[in-house]
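Chains as they are written, first to last, in this note's numbering: chain A, 1 to 306; chain B, 1 to 306; chain C, 1 to 306; chain D, 1 to 306.
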C-alpha cells in the first residue's frame with residue numbers, strides 16, 4: 001500500500017488523478033491540499049466524486065506531506081520545483097504533472113517558462129515519465145516529470161519512425177488538435193463555452209512551450225537534433241488530443257505498419273490500429289490509451305501518422 | 001440619421017448591438033466606450049466585425065456622449081443609472097440593455113440587485129421596451145429599459161393567456177433553458193467549455209433576478225398579482241432561449257391557438273407556429289424573432305406553451 | 001458465474017451493456033447476435049472496446065441462446081416479445097432493455113406502440129426493473145422489463161412525494177431534457193450533429209410513449225390514477241437526462257428534504273443532494289446513479305425536484 | 001432582375017443558397033424543385049425561412065426551368081451533368097454546386113466519382129468558379145463549376161505561394177478540418193450528434209475526392225504538377241473549415257506577409273490578417289469570407305498558412 005499526497009487538486013489533472021487513485025487498491029490518499037479550497041470537501045467541488053472520496057482539501061501549511069511515500073503535484077508550472085528539495089530529502093518520491101522537470105536544459109526551460117528554475121540540481125536526475133521510452137527508470141525514479149499532453153501524442157507517433165531513421169528528421173510536422181480541457185480549469189475568455197464552442201482555430205503558432213519538450217524527446221530518439229514544426233489547435237470538445245504527423249520517407253523499403261506494430265507490441269498503453277484506420281479521440285476518452293494509425297497516401301513519400 | 005453612442009461594448013450584448021447598428025442605414029455610431037479596451041480597434045476584439053466597423057473603443061472620460069441623440073448602455077447592472085441623469089438633462093435618450101430601469105418598485109429592485117438605486121427618479125418614467133406591450137410608449141421614451149432575455153421569452157408566451165384570463169394566474173410555471181452566452185462574457189468557471197459542454201443543469205432555483213421582472217409584467221397583464229415558479233437551466237449551446245410554460249386552463253372553451261394568432265397577428269417579431277409545432281432555437285438564431293407553439297396535451301386542462 | 005447472451009448489440013444500449021458486462025467478474029458473455037453485423041468483431045464497430053471484448057457478432061439463426069442463464073434484449077421495441085416464450089420455456093431468464101414488457105395494460109401498450117403484442121401471457125408476470133420499487137421481485141424474475149430512460153428519472157423524482165401524499169397527484173408536471181443518444185443510434189435527420197447541435201427544442205408534446213409508463217408507476221405509488229403532463233426536450237449533449245418536476249404541495253408541514261433522504265437512505269443508485277443543490281448531468285455520466293435535489297422556491301406551495 | 005431556378009433544395013447548400021437569394025434585390029426565384037418534397041412549403045422544412053420564402057418545392061417533372069436565366073444545382077454529384085445539355089441549349093446558364101464540372105480531365109473525374117460522365121462536352125468550357133482566379137471568366141460563363149469546400153480553403157491559402165514560386169511545389173501539406181455540415185444533410189451514422197459530438201478524427205486519408213480538384217488548381221497556378229498530401233478531419237462544430245497548410249520555403253528573401261497582402265489586396269472575399277494572427281472559423285460563419293494568417297515559426301524554412 002502506497003501512501004500518496006496530492007498538492008493542488010482543484011484542476012482537471014487533479015480531479016482525474018483523484019478519480020484514478022480513489023479506485024486504486026494499492027493507494028491510500030493521505031491528503032489533498034489546496035490553499036484556496038482548504039476545508040472544503042473534495043466532493044463539493046467535484047460532484048462526480050461524491051461517494052468515492054470522503055476527504056476535504058487541507059491547508060498546505062498544516063499538512064505533513066513528508067509522511068507520504070509519494071507526492072503528486074497537480075499544480076501550475078513553478079510550484080513543484082519550490083517544494084521538491086525538501087520532500088526528496090525527507091525520502092518522499094514526487095511526480096510532477098506540470099512542466100518543472102521535463103526539460104533537461106535548464107536555461108531553455110527558463111526561456112520558455114519565463115522564470116528562474118528553483119531547483120536545477122534535481123533536473124538532471126528527474127526521469128521523463130513516458131513509459132514507452134523510460135519504463136525501467138520510472139520504476140526507481142525519485143523525481144518523475146510527467147510528460148505534457150501534446151508531447152505524449154506527438155512523440156508516440158514519431159518515435160518508431162525517427163528511431164529507425166525512416167523519415168527525414170529535419171522536416172517533421174506535427175499538426176495537433178486538443179480538447180478545451182487541455183488548457184486547464186482557468187477562467188480565460190477564450191475557453192468560455194460561448195467562445196470555444198462551434199469554433200476551430202490554431203494558436204501558439206509562433207511558439208508553444210511543448211515544442212522544446214517534444215524536440216528534446218525526438219532528438220534523443222533520432223540521435224540528432226530534429227527540425228519540428230508544431231501547430232496546436234483548439235477543438236470544441238472537452239477532452240482528447242489528436243495529432244496528425246507528417247514525415248518525408250527516406251527508406252521506402254520499410255513496412256511502416258509492421259514497424260509500428262513491432263515497436264509497440266509489448267506496450268499496454270499504445271494500440272496500433274489495423275491498416276487504413278482513423279482513430280477517433282472518443283474511443284480512448286478517460287483511458288490512458290493512445291491509438292495510432294499509419295498511412296502513406298497514394299503510396300507516396302509522405303507518411304501520415306494519426 | 002440618428003447619432004448613437006454605446007457605453008461598454010465588449011460583452012455579447014455590445015457586439016450584437018454593434019452588428020445591428022453597423023448595417024443600419026439610419027444610424028451613425030458616434031463612439032463606443034470601454035475603459036479597459038480604450039484605443040483598441042473594435043475589430044481586433046471581435047474579428048467578425050473586421051471590415052464592417054472601423055472604430056476603436058474610446059476612453060469614457062474623453063468621450064462626449066451628450067452629442068448623441070441616443071446612448072445605449074451595454075454594461076453590467078448598475079452603470080446606466082449612474083450616467084442616466086446627466087444624459088437625459090442633455091437631451092439624450094437612453095436605452096439600457098441591463099436591468100437598471102426594468103423594475104418599477106425601487107426597493108424590490110434594490111433587494112434583488114443588491115445595491116441602492118442611483119437614479120430612482122427616472123424609474124417611473126422609464127418605458128419597459130417590450131414592443132408587444134408598449135410599442136407606442138417606446139417610440140417617445142426618454143429612458144428605455146430593454147427587457148431581460150428570460151423575461152422576454154416567458155412574457156410573450158404567457159401574455160395572451162393571462163390577458164384573456166384563460167389560465168389560473170396563481171400557478172404559472174416557467175421552465176426556461178438558455179444558451180451559455182446568456183450569462184455574458186464573464187470568465188466564470190461554470191461557463192467554461194469544459195464545464196458547460198456536454199452537460200445540463202438547472203440553476204438559481206431558490207430565486208433568480210428575472211423572477212420579479214417577469215412577475216411585474218404578467219401581473220400588469222393579468223390585472224392581479226401572479227404566482228410564478230421560474231426555473232432557469234443552462235444548455236450546452238451558445239445562443240438561444242427556450243421557455244416551456246405550463247398553465248392550468250380555467251376557460252376550456254377558448255381556442256388557444258386562435259387566441260395566440262389573434263394576439264400576435266400584427267406583431268412582426270412574434271411568429272405563432274401552426275398547431276402541433278415544436279420551435280427550435282436555431283430557427284431564430286441571430287434574429288429578433290420569437291417563435292411560439294401552443295399545445296394542450298391529450299386535450300387536458302394543462303396548456304403548454306413552447 | 002452467469003452465462004449471458006445479448007440479442008442485438010449494435011445500438012447504444014447494447015454497447016453500454018457490453019461495457020458493463022465485459023468488466024463484470026461474475027458474467028461470461030456467451031454470444032452477442034446481430035443479423036446485420038454477423039461475423040464482424042464487436043471492437044471493429046465499437047473501437048473503445050478493442051482489447052476488452054474479443055468476440056464477433058454472431059448470426060441469430062446459428063446462435064443457441066437457450067444455453068444461457070440470462071439473455072438481454074438490446075433490440076428495438078417488438079423483438080423481445082417474439083422470442084421470450086421459447087427462451088422462458090428453455091429456462092432462460094430475460095431482461096428486455098426495450099419496452100415490450102413495461103406496460104401491464106396490453107391494449108394500452110398496443111395503442112402507444114402501434115402493434116399487436118406477441119406474448120401477452122408473460123406481461124403480467126414481468127417485473128418492472130426499477131430496484132427502488134421492485135428490488136426483491138427483480139431478484140427472482142423470469143422476465144424483467146428494464147425501465148425507460150425518462151420513466152426512471154421522472155419516477156425517482158416523484159415517488160417520495162406521491163407515496164407520502166405530499167403533492168396533488170392530479171397536476172404533476174414533468175419537464176424532461178435528454179441527450180441525443182437517448183433516441184438511439186438511428187440515422188434520422190433530426191439527430192444529425194448539424195441539426196441537433198447548438199439547438200434546443202421540445203418534441204412529442206402531444207404524446208410520448210413514456211407517458212403511460214410513467215403514469216403506471218406513479219399511479220401505483222399514489223394508489224390512484226395520476227394526472228401527468230410530460231414534455232420531453234432534446235439537449236445538444238450526448239448523454240444524460242435531467243428532469244425538472246413540479247408539484248403542488250398539499251401537506252405543507254412535511255420536510256421534503258428529509259422525506260427524500262429517508263426514502264432513498266438505503267438506495268445505492270440514488271443520491272439525494274444537500275439542500276440548495278442543482279445536480280448536473282455530467283456528474284453521473286456513465287454511472288447508474290441518479291442525483292436528486294429538492295426545492296421549494298420562496299417557500300411557496302410548489303415543490304421543484306431536479 | 002435575374003430569374004433563377006434551383007434544382008434540389010433540401011440539403012445544406014440548398015438552404016444556404018435560398019437564404020442568400022431570398023434577400024438578393026436582383027434575383028427572382030422562379031422555382032425550387034425536389035422530387036421528394038414536392039408540394040411541401042420550403043419554410044416547413046426550414047423553419048428559419050418562415051416569413052422570408054413563401055414558395056413550395058415543385059415537382060421537377062412539372063417545372064419549366066428553361067424559363068430561367070440561371071439554374072442552380074444544389075444536388076448530389078451526377079445530377080447537374082444529366083440536365084446541363086438541355087438547359088444550355090435553351091439558353092439557360094447553370095451553376096453546379098456539386099462536383100460534375102470541376103475536373104477538366106474527364107477520366108480522372110470518372111475514377112474519383114465512380115461513374116461515367118454524362119456530359120463531357122461541356123466540361124472544357126465550364127468555368128471553375130473561384131473568383132480570385134477566374135473572376136472575368138465567371139462573369140460570362142454558361143456553365144459554372146462551384147468549387148468544393150476544402151478546395152476553396154486550400155487553394156486560397158497556397159495560391160500566392162505557388163504562383164510566386166516561394167515554396168517547393170512537390171511537398172505541399174494540407175491538414176484540413178471541417179464542421180459536420182460539410183458532409184451534407186445525409187443520415188449517416190458517423191454524422192449523428194452522439195457520434196460526431198465531443199470527438200475528433202481524420203478521415204479519407206488514403207484518398208479524398210477533393211484531392212484531384214485541389215491539385216488541378218494548384219498545378220495550374222504553379223505551372224507544373226504539384227505534390228500534395230491532403231488530410232481532412234471532422235470537427236464537432238456545425239459549420240466552417242480551417243486549413244492548416246505547410247510548405248517548404250525556397251525563396252527565403254520573400255516577405256510572405258506582404259506577398260499575401262498584395263495578392264488579395266483587391267479581393268473582397270479574402271481578408272489577410274495582421275502578422276501573428278490565428279483566424280477562428282466563427283468569425284466568418286455564414287459569410288463568404290476567407291480569413292488568412294501567415295506564419296514562419298521561429299523564422300525557419302517552413303511556412304504555415306492558416
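Positions of the beta carbon are idealized from the N, C-alpha and C atoms, including for glycine.
- At a beta-carbon threshold of 7 angstroms, the residues of chain B lying near residue 50 (chain D) are 271, ordered along the chain.
- Contiguous alpha helix (DSSP H) elements confined to the stretch 31-118 of chain C occur at 42-45, 80-89, 106-113, taking only those with 4 or more residues.
- Taken in chain order, the complete beta strand (DSSP E) segments of 3 or more residues contained in the stretch 218-279 of chain A are 228-234, 241-248, 270-272.
- When secondary structure is reduced to three states using DSSP, residue 181 (chain A) falls in the helix class.
- Nearest to residue 291 (chain B) by C-alpha distance, out of B:261, B:302, B:299, B:170, is B:261.
- Taken through DSSP and simplified to helix, strand or coil, residue 130 (chain B) comes out as coil.
- At least one beta carbon of chain A lies nearer than 9 angstroms to the beta carbon of residue 295 (chain D).
- Here the alpha carbons of residue 198 (chain C) and residue 280 (chain C) stand approximately 19 angstroms from one another.
- By the C-beta criterion, the stretch 2-16 of chain C is judged not to be in contact with the stretch 220-229 of chain C, since fewer than 3 inter-stretch pairs fall below 8 angstroms.
- Beta-carbon to beta-carbon, residue 202 (chain B) and residue 232 (chain B) are separated by about 7 angstroms, close enough to satisfy the 8 angstroms threshold.
- Contacts with chain C at 9 angstroms (Cβ-Cβ) do not include residue 283 (chain D).
- Taking residue 87 (chain D) as the centre and dropping the five residues before and after it, the same chain places the C-beta of 71, 94 closer than 6 angstroms to its C-beta, in chain order.
- Judged by DSSP secondary structure, residue 4 (chain A) falls within the beta strand (DSSP E) whose first and last residues are 2-7.
- Counting of Cβ neighbours within 10 angstroms places residue 24 (chain D) among the exposed residues, the total staying below 16.
- When DSSP states are grouped into helix, strand and coil, residue 24 (chain D) belongs to the coil group.
- Neighbourhood of residue 12 (chain B) in chain A, by CB distance below 8 angstroms: 194, in chain order.
- Among the CB atoms of chain B, one or more fall inside 9 angstroms of the CB of residue 289 (chain D).
- The straight-line gap separating the alpha-carbon atoms of residue 209 (chain B) and residue 147 (chain B) is approximately 12 angstroms.
- Counting only residues of its own chain and dropping the five nearest sequence neighbours on each side, residue 167 (chain D) has a CB closer than 7 angstroms to the CB of 161, 247, 248, 249, 250, 303.
- Residue 89 (chain A) sits exposed, since fewer than 16 C-beta atoms from the chains shown fall within 10 Å of its C-beta.
- The beta carbon of residue 301 (chain A) lies closer than 8 angstroms to those of 248, 249, 252 in the same chain, with the five residues before and after it left out.
- Between residue 176 (chain C) and residue 241 (chain C), the C-beta gap is smaller than 9 angstroms, which places the two residues in contact.
- The Cβ neighbour count for residue 96 (chain B), taken over all protein chains shown within 10 Å, is at least 16; the residue is labelled buried.
- Of all residues in the stretch 169-187 of chain D, the ones placed with a Cβ closer than 7 angstroms to any Cβ belonging to chain C are 180, 181, 185, 187, in chain order.
- Around the beta carbon of residue 295 (chain B), 16 or more other beta carbons sit within 10 angstroms, so the residue counts as buried.
- Of the candidates D:155, D:18, D:114, D:155 places its Cα closest to the Cα of residue 129 (chain D).
- Annotation: the continuous beta strand (DSSP E) that includes residue 305 (chain C) extends over 302-305.
- Look at the stretch 54-70 of chain C: it has no residue with a C-beta under 7 angstroms from a C-beta of chain B.
- The count of Cβ pairs closer than 8 angstroms, one atom from the stretch 130-149 of chain D and one from the stretch 109-118 of chain D, stays below three, leaving the stretches out of contact.
- Between residue 137 (chain B) and residue 259 (chain B), the CB-CB gap reaches or exceeds 9 angstroms.
- If you ignore the 5 residues before and after residue 264 (chain C), its C-beta comes within less than 6 angstroms of the C-beta of 270, 272, all in its own chain and listed in chain order.
- Take residue 54 (chain A), set aside five residues on each side of it, and no residue of its chain has a beta-carbon closer than 6 angstroms to its own.
- Not flagged as an interface residue toward chain C: residue 131 (chain A), since no C-beta distance is shorter than 9 angstroms.
- Taking 9 angstroms as the threshold, the shortest C-beta distance from residue 197 (chain D) to chain B falls below it.
- Interface annotation, residue 156 (chain C): not in contact with chain D, CB-CB separation never under 9 angstroms.
- For residue 41 (chain B), no Cβ of chain A is located within less than 9 angstroms of the residue's own Cβ.
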